[in-house]
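*Asks:* Dumping the structure here so I can ask a few things about it.
Protein chains: 2
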Amino acid sequence: MTAPTKVTPISGFPEFLPAERLLELHFLDVIREVFELHGFAPLETRAVEPVERLLGKGGDADKEIYGVTRLAGDDSGRDAALGLHFDLTVPFARYVLENAGRLSFPFRRYQIQKVWRGERPQEGRFREFTQADIDVVDVGELAPHFEAEMPLVIAEAFARLPIGEFRIQVNNRRIPEGFYLGIGLSDVAGTLRIVDKLDKIGPEKVTALLLEAGATTEQAAQALALAAISSTDLSFVDAVRALGVGHPTLEEGLDALAAVITVGMEQAPGVLVADLRIARGLDYYTGTVYETQLVGSESWGSVCSGGRYDSLASDGRTTYPGVGISIGLTRLVHLLVARRGLTASRSTPAAVLVAVTDEESRDASRRVATALRARGIPCEVAPSAARFGKQIRYADRRGIPFVWFPGAGEGGDQVKDIRSGDQVDADATTWECPDADLRPGVVTR
Amino acid sequence: MTAPTKVTPISGFPEFLPAERLLELHFLDVIREVFELHGFAPLETRAVEPVERLLGKGGDADKEIYGVTRLAGDDSGRDAALGLHFDLTVPFARYVLENAGRLSFPFRRYQIQKVWRGERPQEGRFREFTQADIDVVDVGELAPHFEAEMPLVIAEAFARLPIGEFRIQVNNRRIPEGFYLGIGLSDVAGTLRIVDKLDKIGPEKVTALLLEAGATTEQAAQALALAAISSTDLSFVDAVRALGVGHPTLEEGLDALAAVITVGMEQAPGVLVADLRIARGLDYYTGTVYETQLVGSESWGSVCSGGRYDSLASDGRTTYPGVGISIGLTRLVHLLVARRGLTASRSTPAAVLVAVTDEESRDASRRVATALRARGIPCEVAPSAARFGKQIRYADRRGIPFVWFPGAGEGGDQVKDIRSGDQVDADATTWECPDADLRPGVVTR
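As they're listed, the protein sequences go chains A and B.
Mapping of the first sequence onto the working numbering: position 229 corresponds to residue 229, and the numbering continues sequentially without gaps.
Mapping of the second sequence onto the working numbering: position 420 corresponds to residue 865, and the numbering continues sequentially without gaps.
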């Protein structure tokens with residue numbers, strides 16, 4: 001097990017130190033708890049899919065796929081070529097088709113897993129990262145109320161996380177579609193792709209691109225006017241109507257978005273924003289689309305996105321419409337660590353270090369630890385019977401708040417809070433570890 | 446997102462249905478909780494390592510490595526060739542070297558992740574599976590008490606899991622080493638490899654192989670006599686001494702194993718067995734070695750194994766000795782599902798389905814759900830305002846025990862236990878969900 005090669009990080013494959021991983025686990029636990037409170041069933045799919053299933057999903061996705069092959073072996077050719085999944089939606093669609101007869105629909109599932117994309121690595125953009133997804137999928141038809149539910153689940157999870165204020169921006173694809181058709185722009189997808197660049201290149205360049213694509217000055221101005229509309233209440237509807245464009249698809253979209261915002265206003269006031277510039281890059285969204293920004297960190301881009309697709313999966317006869325949303329967890333946590341200095345208050349789950357007076361009495365320390373653990377208090381027995389000053393430093397270096405001294409008191413043990421220096425008599429079968437210290441907290445460096 | 450190819454499972458890449466995944470999650474939660482109670486810090490390493498770091502670990506490992514390459518791209522050749530890790534020990538050793546300056550030693554970590562091995566798939570043997578590892582690593586020297594601690598952590602986790610009785614078999618590599626040297630068999634590794642086949646091929650064939658390798662009839666008989674010794678107490682020491690072989694390495698080994706068994710007798714009576722036939726295939730173990738069998742399912746082989754290595758990692762100047770143990774989680778859960786019929790009592794985390802009287806009152810149902818969730822009760826709002834019989838069947842099909850009817854009582858709501866049929870008045874802000882129903886239980890099909 002010696003090291004044959006130089007040990008260096010691999011660009012785009014991030015790893016955390018223990019305190020940072022504890023922070024990430026806190027995020028994972030909160031997200032999972034909220035997903036489960038909302039009745040999403042856990043699912044995990046294999047990391048690999050047949051390459052042909054991964055190809056052709058649009059954009060640069062094909063180039064970014066990692067192929068997987070055995071270095072040596074005699075069965076190459078017998079199996080289909082495999083690749084690592086680059087999201088959790090494609091594998092979920094395949095899983096639904098594969099297990100349709102054994103699932104109950106509408107099927108609600110959450111999935112928290114690593115995905116891999118061979119992108120050019122940069123801060124907050126990785127080649128290996130964790131996504132946390134929820135989706136609801138049904139057979140044939142999917143009730144529209146699920147489109148209102150998705151952002152509310154995210155709002156509940158995010159409200160429990162130390163990320164400050166956030167906004168979930170919601171749009172409905174039918175609004176720009178109907179609007180563009182209403183003003184005579186028939187290349188809806190092309191127009192959407194150009195308007196989607198608004199945040200990156202600004203309105204002048206978007207106008208130039210629209211004109212280049214054949215729009216009139218008037219049409220370009222109208223498309224930009226639509227994209228400028230946003231509201232946390234239903235006033236966006238009147239703002240669109242004031243532009244004087246009529247089209248049945250536009251009306252459908254406005255009604256659908258108004259329904260989502262109405263539920264949001266009741267359940268998560270101020271969090272949902274109808275924002276008519278949100279388009280999402282992926283071609284398969286057909287209804288509501290979501291993006292999420294942290295207030296004050298808008299430059300990080302969206303940390304949670306998704307939408308509705310009329311055909312999440314299809315086997316040729318049956319179509320499975322779905323709606324889903326995905327938290328870019330690795331991206332979110334890495335940016336919080338790097339830019340806001342978040343980390344865990346200690347580098348171990350242990351709340352208590354049980355000191356060892358001498359190696360002969362290690363058994364006594366072990367019994368204290370067993371008693372504390374039986375009551376749910378994470379602890380560790382000191383690795384050596386060094387002098388107590390050294391044992392306290394051992395705890396301090398890891399951020400462990402309490403050191404337990406067996407037999408230190410008159411006829412019993414004592415426990416020291418090494419932050420305050422307070423040392424009191426204590427019994428391992430009754431001592432109450434303060435709630436705030438039972439698990440590592442979130443702190444700012 | 447339609448399906449371009451036939452949907453078929455990939456041999457060796459298992460996937461669970463939701464109820465089975467809930468069972469697996471229960472195992473993961475218990476194991477993680479016990480690891481954290483013992484102060485192991487969580488860690489996750491990237492899925493890939495440079496291929497040269499993965500090669501040369503002995504056995505068939507090289508042939509089983511999966512290489513990872515971008516399907517298309519312009520930076521091939523710039524990066525080292527990458528492969529998926531096949532265990533969590535090699536990546537952990539690399540992580541320790543890479544981060545030695547930022548870790549506090551002795552460093553205790555747990556790691557629960559997928560690993561990949563291109564083995565021939567068979568029942569309980571997969572190409573993608575989850576391992577749950579704990580290791581303690583120190584700089585230069587590692588205190589022997591950690592070798593006693595590892596199996597106790599596993600014993601505590603396994604005692605909380607629905608797996609029945611189990612035995613952790615413990616040996617110390619120095620016992621057979623010193624014994625073989627003491628009887629004049631100098632090829633210790635070769636002899637160990639042959640004796641390790643005892644369970645598979647039986648004593649006659651092992652004797653034949655030993656004779657073939659140059660042992661005398663007397664030496665072969667002695668080697669088999671040693672391997673036959675086992676005890677849950679310290680009597681194995683006298684049984685070895687009765688064979689009349691003396692060697693200082695043998696004495697060291699007996700002392701070390703006696704120390705581990707002594708702690709085991711106090712902390713987990715009857716669970717640890719000194720079993721002198723246990724060798725473990727991997728060459729890098731140098732002290733205590735562990736295997737674990739479920740009583741009544743010995744044919745499954747070991748479900749949790751590990752040992753001590755004097756050099757987990759080394760950068761040429763500093764050596765990091767370690768001791769660790771690894772639960773083969775996917776293997777364990779799959780066998781329990783397939784052979785003992787274990788599964789979860791429902792296919793969703795939801796304990797309650799909140800019925801919807803008509804679509805106009807969906808808001809009222811949503812408010813009930815919000816109140817239940819605020820009190821930690823997982824629930825789901827019915828997908829449609831179908832007649833109540835159909836909504837109850839929806840819950841029944843998923844194993845959801847309770848259906849909530851807003852406004853069904855005199856001036857309030859009612860909740861029905863659909864197993865017993867009992868329906869009572871209830872208030873979402875005070876109703877107590879029975880503890881046994883709050884999370885899915887483990888049941889036998």
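Yeah, the Cβ is synthetic: ideal placement off N, Cα and C, and Gly gets one too.
Distance cutoff 8 Å, beta carbons only. Does Ile837(B) sit that close to anything in chain A?
*Replies:* Residue 837(B) sits at position 392 when you count from the first residue of the second sequence. No, because no Cβ of chain A sits closer than 8 Å to the Cβ of Ile837(B).
*Asks:* Could you list which residues in chain B have their beta carbon closer than 7 Å to that of Ala350(A), in chain order?
*Replies:* Position 350 of the first sequence holds residue 350(A). Under the 7 Å cutoff, chain B gives Gly484.
*Asks:* Over the uninterrupted beta strand (DSSP E) stretch that includes Lys559(B), give me the two end residues.
*Replies:* Stepping through the second sequence from its first residue, residue 559(B) is reached at position 114. Element bounds for Lys559(B): Phe552 to Trp561.
*Asks:* Can you pull the chain B neighbours of Tyr95(A), defined as C-beta to C-beta under 8 Å?
*Replies:* Residue numbering aside, residue 95(A) sits at position 95 when the first sequence is read from its first letter. Neighbours of Tyr95(A) on chain B, chain order: Glu460.
*Asks:* Just to confirm the assignment, what range does the alpha helix (DSSP H) spanning Arg193(A) have?
*Replies:* The residue given as residue 193(A) occupies position 193 in the first sequence. First-last of the alpha helix (DSSP H) with Arg193(A): Val188 to Val195.
*Asks:* From Pro551(B), Gly698(B), Thr694(B) and Arg565(B), pick the residue whose C-alpha is nearest to that of Glu509(B); which is it?
*Replies:* As a position in the second sequence, residue 509(B) is number 64, starting the count at 1. Among Pro551(B), Gly698(B), Thr694(B) and Arg565(B), the Cα nearest to that of Glu509(B) is on Arg565(B).
*Asks:* Helix or strand or just coil, what does DSSP make of Trp300(A)?
*Replies:* Within the first sequence, the letter at position 300 stands for residue 300(A). It is helical.
*Asks:* For chain B, check one thing: does any of its Cβ atoms lie closer than 8 Å to the Cβ of Glu432(A)?
*Replies:* The sequence position of residue 432(A) within the first sequence is 432, counting from 1. It does not: the Cβ of Glu432(A) has no partner Cβ on chain B nearer than 8 Å.
*Asks:* Does Lys416(A) pass the burial test, meaning 16 or more other C-beta atoms within 10 Å, or should it be called exposed?
*Replies:* As a first step, residue 416(A) is located in the first sequence; it is residue number 416 there, counting from the start. It is buried - the Cβ of Lys416(A) has at least 16 other Cβ atoms within 10 Å.
*Asks:* Roughly how many angstroms separate the alpha carbons of Ile278(A) and Lys390(A), rounded to a whole number?
*Replies:* Reading the first sequence from its first residue, position 278 is the one you call residue 278(A). Reading the first sequence from its first residue, position 390 is the one you call residue 390(A). Their Cα atoms are separated by approximately 57 Å.
*Asks:* Within 10 Å of its beta-carbon, does Ile646(B) have 16 or more other beta-carbons around it, so buried, or fewer, so exposed?
*Replies:* As a working note, residue 646(B) is residue 201 in the second sequence. Burial call: exposed.
*Asks:* Using the Cβ count rule (16 or more neighbours within 10 Å means buried), how would you classify Pro415(B)?
*Replies:* Outside the modelled stretch of chain B, which goes from 446 to 890, sits residue 415(B), for which no answer is possible.
*Asks:* Anything in the segment 103 to 137 of chain A with a Cβ closer than 8 Å to a Cβ of chain B? List those residues in chain order, please.
*Replies:* Listed by position along the chain: Leu103, Ser104, Pro106, Arg108, Arg109, Lys114, Trp116, Gly118 and Glu128.
*Asks:* In chain order, what residues of the segment 702 to 720 of chain B put their CB closer than 9 Å to some CB of chain A?
*Replies:* Against chain A - using a Cβ distance shorter than 9 Å - the residues of the segment 702 to 720 of chain B are Val708, Glu711 and Gln712.
*Asks:* Going by alpha carbons, who is nearest to Lys451(B) out of Val51(A), Ile325(A) and Leu152(A)?
*Replies:* Taking the first residue of the second sequence as position 1, residue 451(B) is located at position 6. Ranking Val51(A), Ile325(A) and Leu152(A) by Cα distance to Lys451(B) puts Val51(A) first.
*Asks:* Using CA atoms only, rank isn't needed, just tell me which of Val368(A), Gly412(A) and Gly441(A) is closest to Pro401(A).
*Replies:* Counting from one through the first sequence, the residue named residue 401(A) turns up at place 401. Of the candidates Val368(A), Gly412(A) and Gly441(A), the one whose C-alpha sits nearest the C-alpha of Pro401(A) is Gly441(A).
*Asks:* Which residue from Arg167(A), Glu20(A) and Val195(A) puts its Cα closest to that of Arg173(A)?
*Replies:* Taking the first residue of the first sequence as position 1, residue 173(A) is located at position 173. Out of Arg167(A), Glu20(A) and Val195(A), Val195(A) has the C-alpha closest to the C-alpha of Arg173(A).
*Asks:* For chain B, is any of its Cβ atoms less than 8 Å away from the one on Met1(A)?
*Replies:* Reading the first sequence from its first residue, position 1 is the one you call residue 1(A). Any reading at Met1(A) must be qualified, since the residue scores a pLDDT of 46, below 50, and its modelled position is unreliable; the value itself is stated next. So, interface residue.
*Asks:* For Thr45(A), decide whether its Cβ has a neighbour in chain B, counting only Cβ atoms nearer than 8 Å.
*Replies:* On the first sequence, position 45 is the one that residue 45(A) refers to. Answer yes: the Cβ-Cβ gap between Thr45(A) and chain B drops below 8 Å somewhere.
*Asks:* Return the CA-CA distance between Asp858(B) and Trp849(B), expressed in angstroms with no decimal places.
*Replies:* In the second sequence, residue 858(B) corresponds to position 413, counting from 1. In the second sequence, residue 849(B) corresponds to position 404, counting from 1. For Asp858(B) and Trp849(B), the distance between alpha carbons rounds to 7 Å.
*Asks:* In whole angstroms, what separates the C-alpha of Pro454(B) from that of Val782(B)?
*Replies:* Locating residue 454(B) in the second sequence gives position 9, where the first residue counts as 1. Locating residue 782(B) in the second sequence gives position 337, where the first residue counts as 1. The alpha-carbon atoms of Pro454(B) and Val782(B) are separated by roughly 18 Å.
*Asks:* By the criterion of Cβ-Cβ separation under 7 Å, what are the contact partners of Gly307(A) in chain B?
*Replies:* Taking the first residue of the first sequence as position 1, residue 307(A) is located at position 307. Within chain B, no residue comes near Gly307(A); the closest Cβ sits about 12 Å away, beyond 7 Å.
*Asks:* Name the residue from Thr694(B), Cys824(B) and Ala673(B) whose alpha carbon lies nearest to the alpha carbon of Ala684(B).
*Replies:* For the purposes of this step, residue 684(B) is taken as residue 239 along the second sequence, with counting starting at 1. The option with the nearest alpha carbon to Ala684(B) is Ala673(B).
*Asks:* For a contact meaning CB atoms closer than 7 Å, what does Arg843(B) contact in chain A?
*Replies:* Your numbering for residue 843(B) matches position 398 in the second sequence. Correct list: Ser104.
*Asks:* Quick check: what's the CA-CA separation for Ala486(A) versus Leu185(A)?
*Replies:* Outside the shown range of chain A, which is 1 to 445, sits residue 486(A), and nothing can be said about it.
*Asks:* Which ranges would you report for the alpha helix (DSSP H) in the segment 707 to 785 of chain B if only whole runs of at least 4 residues count?
*Replies:* Listed in chain order, the complete alpha helix (DSSP H) runs (minimum 4 residues) inside the segment 707 to 785 of chain B are 774 to 785.
*Asks:* Using a cut-off of 8 Å between C-beta atoms, extract the partners of Leu893(B) located in chain A.
*Replies:* Beyond the ends of chain B as shown, which are 446 and 890, falls residue 893(B); an answer cannot be given.
*Asks:* Could you check where the beta strand (DSSP E) with Ala344(A) kicks off and where it finishes?
*Replies:* As a working note, residue 344(A) is residue 344 in the first sequence. Here the beta strand (DSSP E) through Ala344(A) covers Leu342 to Ala344.
*Asks:* Does the beta-carbon of Thr130(A) have 16 or more other beta-carbons within 10 angstroms, so that it is buried, or is it exposed?
*Replies:* As a working mapping, residue 130(A) is identified with position 130 in the first sequence. With 16 or more other Cβ atoms within 10 Å, it is buried.
*Asks:* Are there 16 or more other CB atoms within 10 angstroms of the CB of Thr446(A), so buried, or fewer, so exposed?
*Replies:* Nothing can be reported for residue 446(A), as the shown portion of chain A is limited to 1 through 445.
*Asks:* Return the residues of the segment 505 to 516 of chain B that lie within a Cβ-Cβ distance of less than 8 Å from chain A, sorted by chain order.
*Replies:* Answer set for the segment 505 to 516 of chain B: Asp507, Lys508, Glu509, Ile510, Tyr511, Gly512, Val513, Thr514, Arg515 and Leu516.
*Asks:* Between Trp876(B) and Ala713(B), what straight-line distance do the alpha-carbon atoms span, to the nearest angstrom?
*Replies:* Locating residue 876(B) in the second sequence gives position 431, where the first residue counts as 1. Locating residue 713(B) in the second sequence gives position 268, where the first residue counts as 1. Roughly 40 Å between the two C-alpha positions.
*Asks:* Alpha carbon to alpha carbon, what distance is there between Pro378(A) and Val356(A)?
*Replies:* Along the first sequence, read from residue 1 onward, the residue named residue 356(A) stands at position 356. Along the first sequence, read from residue 1 onward, the residue named residue 378(A) stands at position 378. Distance between the alpha carbons of Val356(A) and Pro378(A) is about 17 Å.
*Asks:* Using beta-carbon positions only, say whether Lys460(B) and Thr45(A) come within less than 8 Å of one another.
*Replies:* Here residue 460(B) refers to the residue found at position 15 when the second sequence is read from its first residue. Here residue 45(A) refers to the residue found at position 45 when the first sequence is read from its first residue. Before going further, note that residue 460(B) is Glu rather than Lys in the sequence given. In contact: Glu460(B) and Thr45(A) (Cβ atoms closer than 8 Å).
*Asks:* Note down, in chain order, all residues in the segment 355 to 370 of chain A with a beta-carbon under 9 Å from any beta-carbon belonging to chain B.
*Replies:* Taking 9 Å as the Cβ-Cβ cut-off against chain B, the residues of the segment 355 to 370 of chain A that qualify are Glu359, Arg362, Asp363, Arg366, Arg367, Ala369 and Thr370.
*Asks:* Show which residues of chain A have a CB atom less than 9 Å away from the CB atom of Ile455(B).
*Replies:* In the second sequence, counting from the first residue as 1, residue 455(B) sits at position 10. Neighbours of Ile455(B) on chain A, chain order: Arg46, Val48, Glu49, Pro50, Asp79, Ala80 and Leu82.
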